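Each residue of the sequence shown is one higher than the last, beginning at 11 in the numbering used here.
The C-beta atom is built at its ideal place from N, Cα and C for all residues, glycine as well.
Bear in mind the structure is a predicted one, so any value in this text is a computation, not a measurement.
Below is one structure, written out as structure tokens; comments come after it.
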Amino acid sequence: MQYLTSFMNDYGYLVLFLSLVLGIMALPIPIEALMGYAGFLAYQGQLNWLASVLCASVGCLLGMMIAYWIGAKLGMPFFEKYGSKIHLGPERLNSTSNWFKKYGNKLLIVALFIPGVRHITGYFSGITRLPFIIFSTFSAIGSLIWVSTFILLGKMLGPKWEIFHEIIKKYLIIGSIIIAGLLVLFYLFKKFQKEIILTLVFIGKRALEIFHTRRRTELFLAGISLVTLGFIILMINLIQNYLENDINELDTVINMLISYIFKNHFDLLMHFFLKLGTATMLVSIIFYTLLWIIWKGKNKLIELYFLFIAVAGGEIYEEILRNVFHRLSPDEPSLLERFPYSFPSEQSLMAFVIYGFFFFIMLRHSKYLLVHTILVVLWIVLLLFMGISRIYFHVQDPSQIAAGYVFGGVWLGLTTMLLEIFRLLTTIDSSKKRSRIRV
11 MQYLTSFMND
21 YGYLVLFLSL
31 VLGIMALPIP
41 IEALMGYAGF
51 LAYQGQLNWL
61 ASVLCASVGC
71 LLGMMIAYWI
81 GAKLGMPFFE
91 KYGSKIHLGP
101 ERLNSTSNWF
111 KKYGNKLLIV
121 ALFIPGVRHI
131 TGYFSGITRL
141 PFIIFSTFSA
151 IGSLIWVSTF
161 ILLGKMLGPK
171 WEIFHEIIKK
181 YLIIGSIIIA
191 GLLVLFYLFK
201 KFQKEIILTL
211 VFIGKRALEI
221 FHTRRRTELF
231 LAGISLVTLG
241 FIILMINLIQ
251 NYLENDINEL
261 DTVINMLISY
271 IFKNHFDLLM
281 HFFLKLGTAT
291 MLVSIIFYTL
301 LWIIWKGKNK
311 LIELYFLFIA
321 VAGGEIYEEI
331 LRNVFHRLSP
341 DEPSLLERFP
351 YSFPSEQSLM
361 AFVIYGFFFF
371 IMLRHSKYLL
381 VHTILVVLWI
391 VLLLFMGISR
401 IYFHVQDPSQ
411 IAAGYVFGGV
421 WLGLTTMLLE
431 IFRLLTTIDS
441 SKKRSRIRV
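Quick look at the structure:
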């Protein structure tokens, strides 16, 4: 890497271009680190970032085209003869070829982000005879996105690029796999659109029938249980990362990205969302929840009781958590200074619980699925920008806010789950009493 960066300092664009050509063809060249270094040189003013992006994109595309040509020339006969030695025998190759022909062009956009996959994409496209125009078009789009991502991140992070290169690459790979999965689902939806729509219509009708019966509580209970389970899994993962001290670098990267994306022009908007998380606003939301229960509630006493548990219990819960995490902090002075008594974030945890309970009560008392969808989307957007506003004004670190939301999600999930269990038990008890009276 030192030799390459030395050459980059002297020959700039030429080294970047050739490295991308050869690296994409599976030569052992650290092309991602090199693109990040090109961004760093652009940060210093030694290279133009736009020229670097164009140069690297052309190099990447040329490398993929050469790999495509090699794959097309070697073709199936070569792999039929030697493929079994490298776990690419005829049967496996044929099944993979059919799969790749179906939606390989969609995956070309994100394949470059995945190490190992990017190196065989060009060769395999040639072997499977993917139409060259489709291959080159999607490869050009993918090359531009991939190259721009790493060069711009290098420019944004400047001297800190080398420190955060590995963690950025890790999350980009995870993101790429998720996007690839979504593209596959989109393809499957397009192919089986009629069957999927008919199934969804049937499920929707059945859900509406259940929704207007006593089984509505059971439906809510099942949904809450699944969401709570998801938050518990996230909580376990977060605790593990905290104890292993894996959150410092990610905090720094997110802080820098938020500062870069949301510049000073967003002060007014961020102030608005910051105010929504203040103690005064949270008390107001508790009061509105109380009024809504009195006005709309069917099991008023149970809902009021669990509102009290959610808020008062949430305060005790977050106090215990912060004490526990302060005692469990890894023995590193820097971490203890950063998290003296603020992990997870008290404001984020209580905002999640209070706003969450408010939206849940509104959702629970509405019979319209459209209203439910709007409420869920509104809650997610609200929490997202409340968190971003706290990062924007450097009130708290991203990990503190994320921890507040995750632990708040667990507490809110458990509280609402118990609420629905009590509601269900009350309904069953009422039914038994009616039966006895009739007898």
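**Message:** Measuring only the C-alpha atoms, how far is glycine 22 from isoleucine 155?
**Reply:** 21 Å
**Asked** Alpha carbon to alpha carbon, how far is asparagine 309 from arginine 433?
**Response** 7 Å
**Request:** Starting from the C-beta of leucine 393, find all residues in its chain whose C-beta is less than 8 Å away, skip the five residues before and the five after it, and write them out in chain order.
**Result:** Ala361, Phe362, Tyr365, Tyr415
**Request:** Give the C-beta separation of serine 358 and isoleucine 411 to the nearest angstrom, bearing in mind that I take them to be a contact with Cβ-Cβ under 8 Å.
**Result:** 5 Å
**Request:** Assuming methionine 45 and glycine 73 form a contact by the criterion Cβ under 8 Å, report the distance between their Cβ atoms to the nearest whole angstrom.
**Result:** Beta-carbon to beta-carbon, methionine 45 and glycine 73 are separated by about 13 Å, too far to satisfy the 8 Å threshold.
**Message:** Between the stretch 57-72 and the stretch 140-160, can you find at least three pairs of beta-carbon atoms closer than 8 Å?
**Reply:** yes
**Request:** Please determine, among Ile312, Val391, Tyr133, Gly287, the residue with the shortest C-alpha to C-alpha distance to tryptophan 79.
**Result:** Tyr133
**Message:** Three Cβ pairs or more, each shorter than 8 Å: is that satisfied between the stretch 265-283 and the stretch 392-406?
**Reply:** yes
**Request:** Measure the beta-carbon distance from isoleucine 303 to isoleucine 401 and round it to whole angstroms, keeping in mind my assumption that it falls under 8 Å.
**Result:** Isoleucine 303 to isoleucine 401, Cβ: 33 Å. No contact.
**Own chain residues within Cβ distance below 7 Å of isoleucine 151, not counting five before or after** = Ile119
**Prompt:** Going by the CB atoms, is the gap between glutamate 313 and leucine 424 shorter than 9 Å?
**Reply:** no
**Message:** According to DSSP, is alanine 52 part of a helix, a strand, or is it coil?
**Reply:** helix
**Item:** Proximal residues to alanine 121 (C-beta, below 6 Å), its chain only, five neighbours per side dropped
**Value:** Val127, Arg128, Thr131
**Prompt:** By how many angstroms is the C-alpha of valine 381 removed from the C-alpha of cysteine 70?
**Reply:** About 47 Å.
**Prompt:** In whole angstroms, what separates the C-alpha of threonine 288 from that of leucine 301?
**Reply:** 20 Å
**Prompt:** Secondary structure at histidine 275, three-state DSSP: helix, strand or coil?
**Reply:** helix
**Member of Asp261, Leu278, Met75 whose CA lies at the smallest distance from the CA of phenylalanine 142** = Met75
**Request:** With distances taken Cα to Cα, identify the nearest neighbour of glycine 168 among Tyr53, Ile137, Ser269, Thr262.
**Result:** Tyr53
**Minimum C-alpha distance to alanine 322 - residue among Ile398, Val334, Phe367** = Ranking Ile398, Val334, Phe367 by CA distance to the CA of alanine 322 puts Phe367 first.
**Prompt:** According to DSSP, is methionine 372 helix, strand or coil?
**Reply:** helix
**Straight-line gap, threonine 262 to lysine 165 (C-alpha atoms, nearest Å)** = 15 Å
**Message:** Taking the straight line between their C-alpha atoms, what separation do you get for proline 354 and isoleucine 264?
**Reply:** Going by the C-alpha atoms only, they are around 17 Å apart.
**Asked** Quick one: Cα of lysine 57 to Cα of valine 31, how far?
**Response** In the sequence on display, residue 57 carries leucine and not lysine. Their backbone Cα atoms lie some 19 Å apart in a straight line.
**Cβ neighbour criterion (16 or more within 10 Å) applied to phenylalanine 297** = exposed
**Prompt:** Are arginine 139 and alanine 77 touching if we call contact CB-CB under 9 Å?
**Reply:** no
**Prompt:** Where does tyrosine 365 sit, in a helix, a strand or coil, going by DSSP?
**Reply:** helix
**Request:** Flag arginine 332 as yes if its beta-carbon sits less than 9 Å from any beta-carbon of chain B, otherwise no.
**Result:** Of the protein chains in this structure there is only one, and it is not chain B.
**Prompt:** Near phenylalanine 221, which residues of its chain fall below 6 Å by C-beta distance, leaving aside the five closest residues on each side in sequence?
**Reply:** At phenylalanine 221 the pLDDT is 49, less than 50, meaning the model places this residue with poor confidence; the figure from the coordinates comes in the next sentence. Answer for phenylalanine 221: no residue qualifies.
**Request:** Look up tyrosine 269 in the DSSP assignment and say whether it is helix, strand or coil.
**Result:** The sequence given here has serine at residue 269, not tyrosine. Serine 269 falls in the helix class under three-state DSSP.
**Prompt:** What's the C-alpha gap between glycine 419 and serine 409?
**Reply:** Pairing glycine 419 with serine 409, the inter-Cα distance amounts to about 15 Å.
**Prompt:** Do you know how far the Cα of threonine 436 is from the Cα of glutamate 325?
**Reply:** 28 Å
**Request:** Quick one: measure Cβ to Cβ for leucine 331 and phenylalanine 417, integer angstroms, because I've assumed they're closer than 8 Å.
**Result:** 6 Å
**Prompt:** Going along the chain, which residues of its own chain have a beta-carbon closer than 6 Å to the beta-carbon of valine 328, five neighbours each way excluded?
**Reply:** Strictly speaking, residue 328 in this sequence is glutamate, with valine absent from that position. Taken in chain order, the residues that qualify are Glu356, Leu359.
**Request:** Quick one: give me the first and last residue of the alpha helix (DSSP H) that phenylalanine 403 is part of.
**Result:** Per DSSP, phenylalanine 403 belongs to no alpha helix (DSSP H) and is neither H nor E.
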